[in-house]
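Undergrad: Okay, handing you the structure first.
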Amino acid sequence: MKLDTLSSVTDTEKDQFNKLAMEIFLKYPPRDTRDQKIECTTCEAIIPDCSIVCPNPNCNTRFPICIATGRPLLDYQFWLCPSCKHRAYEQEIQSYKYCPLCHYEI
Numbered sequence: 001m002k003l004d005t006l007s008s009v010t011d012t013e014k015d016q017f018n019k020l021a022m023e024i025f026l027k028y029p030p031r032d033t034r035d036q037k038i039e040c041t042t043c044e045a046i047i048p049d050c051s052i053v054c055p056n057p058n059c060n061t062r063f064p065i066c067i068a069t070g071r072p073l074l075d076y077q078f079w080l081c082p083s084c085k086h087r088a089y090e091q092e093i094q095s096y097k098y099c100p101l102c103h104y105e106i
């Protein structure tokens, strides 16, 4: 619950809450703590695991995307939807009853 939505809070207190929240946010900005790296399958450059295109200007390899997670597919073993032919990590698609893209029953 947001403190500034309480009916017992005055406008002055709401302004103070908002100012404090902004100070905290600016002092401690959110950070992506995941920071995992992977290796490009073509040029072996180290890239962020969320990249769908290798940033190496001499490579520019486009990776297929897992329809269950949105991450690039780098494994050679993957699930292929018989209907839409899109791919997913085998371990990720196991929790689905239908294809996340075309809703084909798995």
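Residue 1 is where the sequence shown starts when you use full-length UniProt numbering, and the numbers rise one by one after that. The C-beta atom is built at its ideal place from N, Cα and C for all residues, glycine as well.
Between A45, C102, C50 and R62, which lies nearest to L80 when the distance is taken from Cα to Cα?
TA: Here the closest residue by C-alpha is C102.
Undergrad: How long is the line joining the alpha carbons of E90 and Q16, rounded to whole angstroms?
TA: C-alpha separation (whole angstroms): 50 Å.
Undergrad: Would you kindly check if the distance between the Cβ of C43 and the Cβ of C50 is under 8 Å?
TA: No, the Cβ-Cβ distance between C50 and C43 is not below 8 Å.
Undergrad: Around the Cβ of I24, are there at least 16 other Cβ atoms within 10 angstroms (buried) or fewer (exposed)?
TA: I24 is exposed by the Cβ-count criterion.
Undergrad: For L73, does the count of other Cβ atoms within 10 angstroms reach 16, so buried, or fall short, so exposed?
TA: Burial call: buried.
Undergrad: Could you have a look at A21 and say whether DSSP puts it in helix, strand or coil?
TA: Residue state, collapsed to three classes: helix.
Undergrad: Taking the alpha carbon of F63 as the reference point, which residue from Q36, P30, M22 and T41 has its own alpha carbon closest?
TA: Residue T41 is the option with its Cα nearest to F63.
Undergrad: Among the residues of its own chain, which have a CB less than 7 Å from the CB of I38, if the five just before and after it don't count?
TA: Closer than 7 Å at the Cβ level, and outside the excluded window around I38, lie I47, D49 and L74.
Undergrad: For Y98, which residues in the same chain have their Cβ closer than 8 Å to its Cβ, ignoring the five residues on either side in sequence?
TA: Within the same chain, Y98 has close Cβ partners Y104, E105 and I106.
Undergrad: To the nearest angstrom, how far is the alpha carbon of Q36 from that of R71?
TA: Roughly 12 Å between the two C-alpha positions.
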